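First residue of the sequence shown: 66, per our numbering; consecutive thereafter. Take a look at the structure set out below.
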Amino acid sequence: MTASAALQQRDKQDKLIVAVSSRALFDLEKEHGLFETKGVSAYRKFQIAHMNEPLKPGVAFPFISRLLKLNEIFPEKSPVRVVVLSRNSPETGQRFFNSCRYYKLPITTGAFTSGQSTFPFLQAFNACLFLSANRQSVIQANACGLPAGLVLPSRFKDTEQDAGLRIAFDFDGVIADDEAERKFQTEGIQAFQRQETDKRLQPLKAGPLQTLFSKLSEIQKLDAEKGKNDPYYLPALRIAIVTSRGAPSEQRLITTLKSFGMYAAELFLMDGLPKDRVLEVLKPHIFFDDQLRHLTSESVPSVLVPFGINSVTLD
66 MTASAALQQR DKQDKLIVAV SSRALFDLEK EHGLFETKGV SAYRKFQIAH
116 MNEPLKPGVA FPFISRLLKL NEIFPEKSPV RVVVLSRNSP ETGQRFFNSC
166 RYYKLPITTG AFTSGQSTFP FLQAFNACLF LSANRQSVIQ ANACGLPAGL
216 VLPSRFKDTE QDAGLRIAFD FDGVIADDEA ERKFQTEGIQ AFQRQETDKR
266 LQPLKAGPLQ TLFSKLSEIQ KLDAEKGKND PYYLPALRIA IVTSRGAPSE
316 QRLITTLKSF GMYAAELFLM DGLPKDRVLE VLKPHIFFDD QLRHLTSESV
366 PSVLVPFGIN SVTLD
């Protein structure tokens, strides 16, 4: 391997790569409804006729647009790449790239499969997350052990005056695996508490979004370094964990995060209380959870990550 090829391979491994479908990034519900009711020909004609009409932002737009801005904040690293995985044909997909140019989104990589499944290409692009509005794609990706999430309808209104990027994660079944969740669901809260106390120094295994979380943590370290001498520095990236856990089960959570190399996440221990009020104060630009019952606030852009014992939520 040449030095140049080795450098390219290292950059590919180091970058945070997120894959997104066109319908997750942009609001294509009208066009999707046309496809379902009148077929591919009507959809194709509509898309071509409106090729130069920018699409409206979709649920994943606030997250993706702010994620890409991290490359402007850390130009020496350019730590992020976003790729599109779309079932559109290259011809009808032209509207996607025209919309990206309109919103100044530097997305230049992706696949347009003319109706074929897109999730198999996740590994080809080395993506640590696939955001999709297609239920079946998420089910199939999850069944293959790939990190995919279903974007849910949202009334979130983004504003340019709101600086920075805020990301919130559930813990069990999202960052960590579902060992503890299985114990809780099969044997109850007391068995869960006993297990987590007994194993407080034993990390849980990685969950579907552990790689995403770790790469975001590396960017957060860059952010902390950038603002270390400025007491008024506003972080470009805030990472929060909003979990149903409470004390004393937080001990195993902390042990697990340390084993993953986690850095300075904000932690909200809800101890079974609803998460929506905290999320509405936190106002994340995206929130990942593995249970639909925790994703009740339409004012928060939310993603369902069906995994392990909770994967049945999309069946």
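Where is the CB? At the ideal position from N, CA and C, for every residue including glycine. Note that the structure is a prediction, hence the values are computed from the model and not measured.
Measuring alpha carbon to alpha carbon, tell me which of the options ends up nearest residue i.
i	options	result
T174	V149, Y167, L99	V149
A189	G180, A176, A198, E315	A176
R310	L194, F234, V365, D295	F234
F333	L347, M327, T321	L347
K323	Q267, V343, S143	Q267
Q316	S282, Q258, L90, E252	Q258
A125	G253, Q250, S367	S367
D92	K121, M116, N117, K80	K121
I304	F325, F278, K291, G292	F278
G373	I254, D237, F325	D237
Y168	V370, P119, M327	P119
F139	V370, L287, Y297	L287
V370	E141, Q205, F161, L90	Q205
K80	P349, N136, V203	N136
G180	P339, G337, F100	F100
T321	T251, D242, K340, I351	D242
P155	T178, S143, N163, P144	T178
E246	L318, M327, K340	L318
N199	C193, S86, F325	S86
V145	G326, I172, M327, P339	I172
Does the Cβ of residue i have 16 or more other Cβ atoms within 10 Å, making it buried, or fewer, making it exposed?
i	result
S244	The residue you asked about is not Ser; residue 244 is Glu in the sequence shown. So E244 ends up on the buried side.
E261	buried
N153	buried
Q201	exposed
Q285	buried
S362	buried
S106	exposed
R88	buried
H359	buried
K280	buried
S314	buried
A213	buried
S151	buried
D295	exposed
R342	exposed
K248	buried
K222	exposed
G158	buried
Y297	exposed
I254	exposed
L187	buried
Name the DSSP bridge partner or partners of residue i?
i	result
I113	I113 is not bridged to any residue.
P122	F91
V368	V216, F353
E331	A305
A233	A305, F352
S151	F177
R146	I82
Whole angstroms is fine: what's the gap from residue i's alpha carbon to residue j's?
i	j	result
Q275	I240	5 Å
K375	A256	Residue identity check: residue 375 is Asn in the sequence provided, not Lys. Taking the straight line joining both Cα atoms gives about 19 Å.
A70	A208	Because A70 sits at a pLDDT of 44, beneath the cut-off of 50, its placement in the model cannot be relied upon, and the point is left open.
R231	S197	20 Å
K110	G123	22 Å
L469	T102	In the structure displayed, the chain extends from 66 to 380; residue 469 sits before or after that span and is not available.
K270	Q112	44 Å
V307	E96	35 Å
G104	G98	9 Å
T67	P185	Any reading at T67 must be qualified, since the residue scores a pLDDT of 45, below 50, and its modelled position is unreliable; the value itself is stated next. Approximately 29 Å, taken between the alpha carbons.
H115	F353	33 Å
L132	A301	10 Å
L299	Q356	32 Å
E345	V365	7 Å
G292	M335	30 Å
I82	E225	24 Å
K264	G272	17 Å
A84	F195	5 Å
A330	E283	12 Å
S130	L170	7 Å
S182	F161	18 Å
R220	P349	13 Å
F128	K134	10 Å
N117	A289	41 Å
Can you tell me where the beta strand (DSSP E) with residue i in it begins and where it stops?
i	result
L360	No beta strand (DSSP E) holds L360; DSSP gives it neither H nor E.
S197	194-197
F278	Premise fails: F278 lies in the alpha helix (DSSP H), 275-291, not in any beta strand (DSSP E).
I204	From DSSP, I204 is part of no beta strand (DSSP E) but of the alpha helix (DSSP H) over 200-208.
R317	Not the beta strand (DSSP E): R317 falls in the alpha helix (DSSP H), residues 315-324.
I82	81-85
Which residues mark the beginning and the end of the alpha helix (DSSP H) in which residue i is found?
i	result
E156	No alpha helix (DSSP H) contains E156, which DSSP labels as neither H nor E.
R342	341-347
E252	244-252
Closer than 8 Å, CB to CB, is residue i near chain C or not?
i	result
A208	Chain labels in this structure do not include chain C; a single protein chain is all it has.
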